[in-house]
Amino acid sequence: MIKHIVFFKLEDNSEANKEAVKARIMGMKGKIDVLKHIEVGVNFSPEERAFDLALVTDFETKEDLQAYAIHPLHVEVVTFLKSINTVTKVVDYVY
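See below:
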C-alpha cells in the first residue's frame, strides 16, 4: 500500500477558509476509483511553523498514485489550490 500525505499552508488561514478547502478536497471521496482512503485534518496548533491542513490518502500501488495525480478531478482540485496561493509539502511512502 502507498500512503500519500500533503500538508497545506493557506494564504487565508481563517477557520471558514480552512473548512471550505477541506470540503473541496473531500469532494474527491468516492469519485476516483484508485483512491482507497482520504481524510483531511484541520490543524489546531497555534505554532507559526504549523501547516493549516493535512491530507492523508491511501493507494494500492505506486501506479494508482500516478493515476490519481492525473485524474481530472484531482487536477481540478490542485488547480484551485494553486489559485489561492497554497504552499504544500508532500511525502509518499510504502507501508
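Numbering (the numbering used here) for the sequence shown: 39 to 133.
Glycine included, each C-beta is placed from N, C-alpha and C at the ideal position.
Everything numeric in this text was worked out from a predicted model, so none of it was measured.
Beta-carbon gap between residue i and residue j smaller than 8 Å
| i | j | result |
| --- | --- | --- |
| V94 | I43 | yes |
| V131 | K41 | According to the sequence provided, residue 131 is Tyr. The question's Val does not apply to it. In this structure, K41 lies closer than 8 Å to Y131 by Cβ. |
First and last residue of the uninterrupted beta strand (DSSP E) at residue i
| i | result |
| --- | --- |
| V80 | 75-80 |
| A92 | 91-97 |
| I63 | No beta strand (DSSP E) holds I63; the alpha helix (DSSP H) holding it covers 53-64. |
Pick from the options that is closest to residue i, judged by C-alpha positions
| i | options | result |
| --- | --- | --- |
| L103 | F45, F46, K56, I76 | I76 |
| K56 | V80, H109, I108, D130 | V80 |
| E53 | D71, K100, S83 | S83 |
| F89 | L73, I108, V78 | V78 |
| N51 | H109, K74, V129, L91 | L91 |
Expected contact under 8 Å - CB spacing of residue i and residue j to nearest Å
| i | j | result |
| --- | --- | --- |
| K47 | V125 | 4 Å |
| F45 | V72 | No, F45 and V72 are not in contact; Cβ-Cβ is about 22 Å, not under 8 Å. |
Segment limits, alpha helix (DSSP H) that includes residue i
| i | result |
| --- | --- |
| H109 | Where H109 is concerned, there is no enclosing alpha helix (DSSP H), given that its DSSP letter is neither H nor E. |
Check: Between the segment 114-124 and the segment 67-74, do three or more beta carbon pairs fall short of 8 Å?
Finding: no
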